[in-house]
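The next block holds one structure in the form of structure tokens; read it before the comments.
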Amino acid sequence: MRLGKACGRARGERGRCKTATMRLANRKLPATVSTRPHPSAPPSSTLRACLQASLLALLLNAAPSACSQASAEPDGAPAVAESAAAPGAAAPIRFLLTFDDGPSAAASDNPTERVLATLAHNAYQDDIKAVFFTQTRAWHGGGTDIGRQLIRREHADGHLVAFHSATLLHANHRFMGPAELEETLQRGVDDLAGLTGRAPTLVRPPFWAYDADTLAAYHRHGMQMLLTDLNANDGKIYGINFSWHKRANMLARLAETRQRWAAGSMAVVDGSTPVVVTFHDVNGYTARHLAEYLEILLDVARELGMPLAAKPFYDQRDALERAALASTVRAGELRPPLPGLWNWLWQ
Numbered sequence: 460m461r462l463g464k465a466c467g468r469a470r471g472e473r474g475r476c477k478t479a480t481m482r483l484a485n486r487k488l489p490a491t492v493s494t495r496p497h498p499s500a501p502p503s504s505t506l507r508a509c510l511q512a513s514l515l516a517l518l519l520n521a522a523p524s525a526c527s528q529a530s531a532e533p534d535g536a537p538a539v540a541e542s543a544a545a546p547g548a549a550a551p552i553r554f555l556l557t558f559d560d561g562p563s564a565a566a567s568d569n570p571t572e573r574v575l576a577t578l579a580h581n582a583y584q585d586d587i588k589a590v591f592f593t594q595t596r597a598w599h600g601g602g603t604d605i606g607r608q609l610i611r612r613e614h615a616d617g618h619l620v621a622f623h624s625a626t627l628l629h630a631n632h633r634f635m636g637p638a639e640l641e642e643t644l645q646r647g648v649d650d651l652a653g654l655t656g657r658a659p660t661l662v663r664p665p666f667w668a669y670d671a672d673t674l675a676a677y678h679r680h681g682m683q684m685l686l687t688d689l690n691a692n693d694g695k696i697y698g699i700n701f702s703w704h705k706r707a708n709m710l711a712r713l714a715e716t717r718q719r720w721a722a723g724s725m726a727v728v729d730g731s732t733p734v735v736v737t738f739h740d741v742n743g744y745t746a747r748h749l750a751e752y753l754e755i756l757l758d759v760a761r762e763l764g765m766p767l768a769a770k771p772f773y774d775q776r777d778a779l780e781r782a783a784l785a786s787t788v789r790a791g792e793l794r795p796p797l798p799g800l801w802n803w804l805w806q
């Protein structure tokens with residue numbers, strides 16, 4: 460409470476300082492400088508308050524999260540991850556790969572099949588396991604025979620099959636009424652339980668769009684919501700979907716994540732800090748260049764001085780699920796950063 464009041468006082472004093480400074484800046488200086496105070500000069504008490512406010516601002520900037528948490532989060536508010544208080548700075552990182560919008564229903568050169576093949580065999584780590592956020596009834600994917608076969612294969616190969624949508628199109632959950640949302644979530648849970656033998660424990664909302672109501676609905680259906688730390692920005696599936704900035708994008712996003720990792724504010728699970736990475740398995744360019752993406756992730760981690768786990772990618776479904784669940788968003792009022800323009804659009 461005292462810190463919140465101090466933040467308020469600092470902001471008020473900074474405002475008065477700015478007014479006084481602008482008044483001085485707009486006043487023409489005389490030809491001869493006088494030591495006598497000008498009538499329009501701010502009184503000494505205001506100058507003293509400005510100095511005090513500046514000093515307080517410096518102190519507050521040394522711990523920027525203190526003010527924001529004191530004013531934005533109620534006492535006892537849950538963190539983004541249950542184990543976020545664990546000291547993550549010393550823990551090596553481990554990339555948790557996720558794929559959205561699949562599976563593909565392509566009869567030939569299927570990108571989802573190519574992704575599965577690369578995860579199984581590549582130059583960096585074989586038998587990588589990933590989370591696949593599936594669209595169980597998409598007309599061009601999970602709603603087809605090929606799509607359903609691929610969902611079964613993802614599970615059989617040891618990956619974690621999760622829920623993305625159960626509609627013909629990529630429908631926004633926030634735009635659905637309560638009854639429609641409940642119906643589509645139940646359809647998705649039933650679809651995946653029937654295809655894999657287990658109900659999904661994870662969900663990622665279409666368009667990253669969620670609020671407290673949709674999050675509560677996910678929880679009622681036994682699912683936790685996983686967002687992301689890094690994003691390949693490969694959601695454009697058709698037309699020109701290649702990227703000339705794969706490495707620069709991953710480096711920039713991991714540099715942002717590094718700040719939270721170094722501060723110890725990320726989950727530590729089984730001795731490693733999971734770093735969630737998002738791709739789209741229905742993107743043919745991503746599927747063809749997935750091995751290159753794996754190499755980029757390893758390279759930028761080393762460049763940023765972030766130690767990697769002995770196995771830098773998850774290779775067991777149980778460990779993958781534990782890491783993912785520890786990284787989920789548990790409260791609707793929390794607003795973790797979203798990828799690209801979605802952060803501006805939904806938050």
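Positions in the sequence shown are counted from 1; adding 459 to them yields this note's numbering.
We treat Cβ as the ideally placed atom computed from N, Cα and C, and that holds for glycine.
Fully contained in the stretch 558 to 595 are the following beta strand (DSSP E) runs of length 3 or more, in chain order: 590 to 594. Taking 8 Å as the upper bound for CB-CB distance, Val662 and Met682 are in contact here, some 4 Å apart.
Annotation: Pro665 is outside any alpha helix (DSSP H) and is labelled neither H nor E by DSSP. Spanning the alpha carbons of Phe738 and Asn690 requires a straight line of approximately 7 Å.
Note on geometry: alpha-carbon atoms of Ser724 and Ser567 lie some 44 Å from one another. Taking 9 Å as the cut-off, the Cβ atoms of Asp560 and Gln608 do not count as close. For Arg789, the closest of Tyr669, Ala550, Gly601, Asp758 by C-alpha to C-alpha distance is Tyr669. Nearest to Pro664 by alpha-carbon distance, out of Leu674, Arg776, Ala564, Thr716, is Leu674.
Spatial neighbours of Thr660 in its own chain (CB-CB distance under 7 Å, excluding positions within 5 residues in sequence) are listed in chain order as Gly681, Met682, Gln683, Glu780, Leu784.
Approximately 4 Å separates the beta-carbon atoms of Thr603 and Ala564; this is inside 8 Å, confirming the contact.
For His739, the enclosing beta strand (DSSP E) has its first and last residue at 732 to 739. Per DSSP, the beta-bridge partners of Phe554 are Val734, Phe772. For Ala721, the secondary structure class from DSSP, reduced to helix, strand or coil, is helix. Per DSSP, reduced to three states, the secondary structure at Asn631 is coil, with no helix or strand assignment.
In the displayed model, Asn742 falls within coil according to three-state DSSP, outside both helix and strand. Within the DSSP secondary-structure output, Leu767 pairs in a beta bridge with Ile552. In the DSSP assignment, His618 falls outside any beta strand (DSSP E), carrying neither H nor E. As DSSP reads the structure, Asn690 sits in a beta bridge with Thr737.
When the five nearest sequence neighbours on each side are left out, the beta carbons in the same chain lying within less than 7 Å of the beta carbon of Ile755 are those of Lys705, Arg706, Met709, in order along the chain. Of the residues assessed, Ala589 falls on the buried side of the cut-off, its CB having 16 or more other CB atoms within 10 angstroms. DSSP places Val759 within a helical segment (H, G or I) once states are collapsed to three.
Taking 9 Å as the cut-off, the Cβ atoms of Ala676 and Leu713 do not count as close. Contact annotation: Tyr773 and Ile552 have beta-carbon atoms that are not nearer than 9 Å. A distance below 7 Å between beta-carbons, with the five flanking residues on each side excluded, links Gly601 to the following residues of its chain, in chain order: Pro562, Thr593, Gln594, Thr595, Arg607, Ile610. Membership of Arg789 in any alpha helix (DSSP H) is not indicated, and neither H nor E is assigned to it by DSSP. When the alpha-carbon of Ala658 is set against those of Arg646, Trp667, Phe666, the nearest one is in Arg646. Judged by DSSP secondary structure, Asp670 falls outside any alpha helix (DSSP H); it is assigned neither H nor E.
Judged by DSSP secondary structure, Pro637 falls within the alpha helix (DSSP H) whose first and last residues are 637 to 655. When DSSP states are grouped into helix, strand and coil, Met684 belongs to the strand group.
In the three-state reduction of the DSSP assignment, His623 falls in the strand class. Separation of Arg633 and Asp672 (C-alpha to C-alpha, rounded to the nearest whole angstrom) is 8 Å. By the neighbour-count criterion, in which a residue is buried when 16 or more other Cβ atoms sit within 10 angstroms of its Cβ, Pro766 is exposed. Around the C-beta of Pro733, 16 or more other C-beta atoms lie within 10 Å, and the residue is accordingly described as buried.
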